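**Q** If you scroll down you'll find the structure; I have some questions about it.
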Amino acid sequence: MQCGALSPVLMLSAAPEPPPRPPPSRSPPGPGPRYGPGPEASGGPGGGALESSLRAAVAFKAEGQRCYREKKFREAIGKYHRALLQLKAAQGARQPDPGPSPAPPRLSEEQRRLMESTEVECYDSLTACLLQSELVNYERVREYCFKVLEKQQDNFKATYRAGIAFYHLGDYSRALRYLQEARSREPTDTNVLRYIQLTQLRMSRCSREREGGSSGGPGRARDVIG
Numbered sequence: 001m002q003c004g005a006l007s008p009v010l011m012l013s014a015a016p017e018p019p020p021r022p023p024p025s026r027s028p029p030g031p032g033p034r035y036g037p038g039p040e041a042s043g044g045p046g047g048g049a050l051e052s053s054l055r056a057a058v059a060f061k062a063e064g065q066r067c068y069r070e071k072k073f074r075e076a077i078g079k080y081h082r083a084l085l086q087l088k089a090a091q092g093a094r095q096p097d098p099g100p101s102p103a104p105p106r107l108s109e110e111q112r113r114l115m116e117s118t119e120v121e122c123y124d125s126l127t128a129c130l131l132q133s134e135l136v137n138y139e140r141v142r143e144y145c146f147k148v149l150e151k152q153q154d155n156f157k158a159t160y161r162a163g164i165a166f167y168h169l170g171d172y173s174r175a176l177r178y179l180q181e182a183r184s185r186e187p188t189d190t191n192v193l194r195y196i197q198l199t200q201l202r203m204s205r206c207s208r209e210r211e212g213g214s215s216g217g218p219g220r221a222r223d224v225i226g
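Residues in the sequence shown are numbered from 1 upward in steps of one, following UniProt numbering.
Here's what the structure looks like:
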């Protein structure tokens, strides 16, 4: 071996070390684990679905209002129901999935107000459409009025229409209660005043029938619906 030459072992030990590997990127492209803020920082994985459902609900509600103005009440009912289905889809986008998953998207205050106002307007408009039907489903009218009153206890139209529904369902005491509540908010509304008179007449007639055992059935008056 020549002087100054290194043995193979020494040559291996004297070889330069490879440069250190760079640390993994914090946000690698494509699938794989993410680091730092996840999708939930921008509304979560359901944020886009929630916003899309909200926009669709508002659009269907607007179509329902157009159909109502054109007196296409059946079409309007369908549009309002589709708007409500979109609101349910938006609420579903906020439900957490089972197992380890990102938190559901949070509603902004603007989105919360939009959801509530859209829901109230849809149920309020549905009652108006139903009352224009040839065969009115007064149980459904009552149900939708309650939906509105759950959110807006001082809603005049829902209170008045609940009174109408109870009147036609034969529950005159509750009808009078809701109609008098509506009158307290709109004392000069002629439709409310007329329904109060009709309700009081029915209550008086029912009272006389109970007392006298009369079997005559009251005739149906032509009522004003608003």
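Beta carbons: idealized from backbone N, C-alpha and C, even for Gly. Remember, predicted model here, so these are calculated numbers, not experimental data.
Between which residues of its own chain and Lys151 is the CB-CB distance below 8 Å, once the five residues before and five after are set aside?
**A** The residue given as residue 151 occupies position 151 in the sequence shown. Same-chain partners within the cutoff: Glu116, Glu119, Val120.
**Q** Going by Cα to Cα distance, which pick from Phe73, Arg74, Leu85 is closest to Ala59?
**A** Counting from 1 along the sequence shown, the entry for residue 59 is found at position 59. Checking every option, the nearest Cα to that of Ala59 belongs to Leu85.
**Q** Assign Thr199 to buried or exposed, taking buried as 16 or more other Cβ atoms, counted over all protein chains shown, within 10 Å of its Cβ.
**A** The sequence position of residue 199 within the sequence shown is 199, counting from 1. Its Cβ being crowded by 16 or more others within 10 Å, Thr199 is buried.
**Q** Just to confirm before moving on: does the CB-CB distance between Val192 and Leu179 stay below 7 Å?
**A** Along the sequence shown, one-based indexing puts residue 192 at 192. Along the sequence shown, one-based indexing puts residue 179 at 179. Their beta carbons are under 7 Å apart, which means Val192 touches Leu179 by this criterion.
**Q** State buried or exposed for Ser53, treating a residue as buried only when at least 16 other CB atoms are found within 10 Å of its CB.
**A** To locate residue 53, count along the sequence shown from 1; it is residue 53. By the 10 Å Cβ count, Ser53 comes out buried.
**Q** Could you tell me the alpha carbon to alpha carbon distance between Phe156 and Glu186, rounded to whole angstroms?
**A** In the sequence shown, counting from the first residue as 1, residue 156 sits at position 156. In the sequence shown, counting from the first residue as 1, residue 186 sits at position 186. So the alpha carbons of these two residues sit roughly 8 Å apart.
**Q** Can we say the region 105-114 touches the region 154-170, given the rule of at least three CB pairs closer than 8 Å?
**A** In this structure the region 105-114 does not lie against the region 154-170, because fewer than three pairs of beta carbons, one per stretch, are closer than 8 Å.
**Q** Please state the DSSP three-state secondary structure of Thr188.
**A** The residue given as residue 188 occupies position 188 in the sequence shown. Coil at Thr188, not helix or strand.
**Q** Straight-line CA distance for Cys145 to Ser184?
**A** Within the sequence shown, the letter at position 145 stands for residue 145. Within the sequence shown, the letter at position 184 stands for residue 184. Going by the C-alpha atoms only, they are around 18 Å apart.
**Q** Taking the Cβ atom as the reference point for each residue, do Cys129 and Ala83 lie within a distance shorter than 7 Å?
**A** For this step, residue 129 is matched to residue 129 along the sequence shown. For this step, residue 83 is matched to residue 83 along the sequence shown. In this structure, Ala83 does not lie closer than 7 Å to Cys129 by Cβ.
**Q** Cutting at 7 Å between CB atoms, please list the residues of its own chain near Ser207, excluding the five before and the five after it.
**A** Here residue 207 corresponds to residue number 207 of the sequence shown, with the count starting at 1. If we look at Ser207 and ignore the five residues flanking it on each side, it has no Cβ neighbours.
**Q** Which class does Asp124 belong to by DSSP, given the choice of helix, strand or coil?
**A** The residue given as residue 124 occupies position 124 in the sequence shown. Three-state result, Asp124: helix.
**Q** So Tyr80 packs on Gly92, CB below 8 Å; how close in whole Å?
**A** Within the sequence shown, residue 80 is the residue found at index 80, counting from 1. Within the sequence shown, residue 92 is the residue found at index 92, counting from 1. Their Cβ separation, rounded to whole angstroms, is 19 Å, which puts Tyr80 and Gly92 out of contact at 8 Å.
**Q** Nearest to Glu143 by alpha carbon, out of Thr127, Ile77, Glu134?
**A** Taking the first residue of the sequence shown as position 1, residue 143 is located at position 143. Minimum Cα distance to Glu143 is reached at Thr127.
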